[in-house]
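Trainee: Take this structure first; my questions come after.
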Amino acid sequence: VRGNANSSVVVVEYADYQCPGCASMAPHIDSIYNKYKDEVAFVFRNFPISGHANARAASSAAEAAGKQGYYWEMYEILYSNQSSWKEKTGEARTNTLAELFAGVAKDGDVNQFRTDLSNEDILKKIDFDYKLGLNVDKVTATPSLYVNGVALDVASVETFDDVEDLLRTQIEAELAKANNSASTETPSETKE
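Here it is in structure tokens:
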């Protein structure tokens, strides 16, 4: 979670690091995050599609970086450098992911990062995210976006700019609801 973790407005993104559309959407998500980070909680959930051979490895890389406090930096670099790792396999892929990590985590432990790529807890976290998306939120494509549990109809818009506008509109509506709710509440009486 990044942004205001205590917010009543929560944006959830299900995405696949190897998905070209998710990579194209990432700057728009960052723009929304930068505008609303003090008011909204932003959650990323791994949804590696089986047709993307390196999607799980990239999810592991983000989660491994997160264990050292560099999750969001890795999130950004995986998308912005997708072409550098998406076709690689085995040791070449691991080396590229480790180089990306070293580039964003100046104080990070690259050896620990390499070990954590196959950490059982990380693999369970990725599976948990995926199953949550599949079974609870009924994710059918990536990227999928939800605001307070309601799916945005991303497929109905033509461009990622339109998705950003749709997301912004939904966030504004939810913030307005939260503000209206807060302003209509009466303070409770306290006993002394």
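Going left to right, the sequence shown walks through residues 56 to 247 as this note's numbering numbers them.
The C-beta atom is built at its ideal place from N, Cα and C for all residues, glycine as well.
Specify, as a first and last residue, the run of the beta strand (DSSP E) that Y201 falls within.
Mentor: 199 to 202 is the extent of the beta strand (DSSP E) around Y201.
Trainee: Please state the DSSP three-state secondary structure of A60.
Mentor: Residue state, collapsed to three classes: coil.
Trainee: Could you tell me if D216 is buried or exposed, where buried requires 16 or more neighbouring beta carbons within 10 angstroms of its beta carbon?
Mentor: That one is exposed.
Trainee: Looking at the unbroken beta strand (DSSP E) that takes in F99, where does it start and where does it end?
Mentor: 96 to 101
Trainee: Please report the distance separating the alpha-carbon of S63 from that of N101.
Mentor: 22 Å
Trainee: Quick one: give me the first and last residue of the alpha helix (DSSP H) that A110 is part of.
Mentor: 110 to 121
Trainee: Using the Cβ count rule (16 or more neighbours within 10 Å means buried), how would you classify Q167?
Mentor: exposed
Trainee: Do R169 and T151 have their C-beta atoms within less than 8 Å of each other?
Mentor: no
Trainee: Nearest by alpha-carbon distance to F97: which of S238, L222, A237 is it?
Mentor: L222
Trainee: Compare the C-alpha of Q73 against each of A119, L200, E94, N109 and name the closest.
Mentor: N109
Trainee: Taking 8 Å as the cut-off, does the segment 77 to 93 touch the segment 196 to 215 (at least 3 CB pairs, one atom from each stretch)?
Mentor: yes
Trainee: Buried or exposed: which applies to F183, given that a residue is buried once 16 or more other Cβ atoms fall within 10 Å of its Cβ?
Mentor: Result: exposed.
Trainee: Cβ of G188 within 8 Å of Cβ of Y69?
Mentor: Yes.
Trainee: Around the C-beta of A60, are 16 or more other C-beta atoms found within 10 angstroms, so that it is buried, or is it exposed?
Mentor: exposed
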